[in-house]
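Colleague: Take a look at the following structure, please.
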Amino acid sequence: MSGSTITALEAVDVRFPTSRTLAGSDAMNTAPDYSAAYVILRTDRGDNLAGHGLTFTIGRGTEVVVAAENALRPLI
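As structure tokens, then:
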């Protein structure tokens with residue numbers, strides 16, 4: 059397998075409106091809207107090799123995780 063270079067980073071804030079049905083609620087989180095920060099690292103490989111990552115949160119702080127992922131973009 060030859061080497062490859064990361065060429066792009068895509069960060070997405072994915073939200074699930076679980077507070078509508080109270081799915082996943084508990085004593086501490088009475089109306090949670092779960093969310094996740096999803097990141098894709100694309101490469102220059104001809105076979106479309108990519109890396110995928112997921113950070114799951116309970117809704118609070120996801121925008122901070124996405125901002126941190128986007129802050130890494132200049133390093134690639």
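Under the numbering used here, think of the first position of the sequence shown as 59, with each following residue one higher.
Every residue, glycine too, gets a C-beta built ideally from N, C-alpha and C.
#1: Less than 7 Å between the C-beta atoms of residue 93 and residue 76, yes or no?
#2: Give the straight-line distance between the Cα atoms of residue 114 and residue 70, rounded to the nearest whole angstrom.
#3: According to DSSP, is residue 94 part of a helix, a strand, or is it coil?
#4: Can you check DSSP and say which residues form a bridge with residue 104?
#5: With DSSP collapsed to three states, give me the class of residue 65.
#6: To the nearest angstrom, report how far apart residue 73 and residue 131 are at their CA atoms.
Modeller: The answer reads as follows:
#1: no
#2: 12 Å
#3: strand
#4: Answer by DSSP bridge pairing: none, since residue 104 is not bridged.
#5: DSSP places residue 65 in strand when its eight states are reduced to three.
#6: 22 Å
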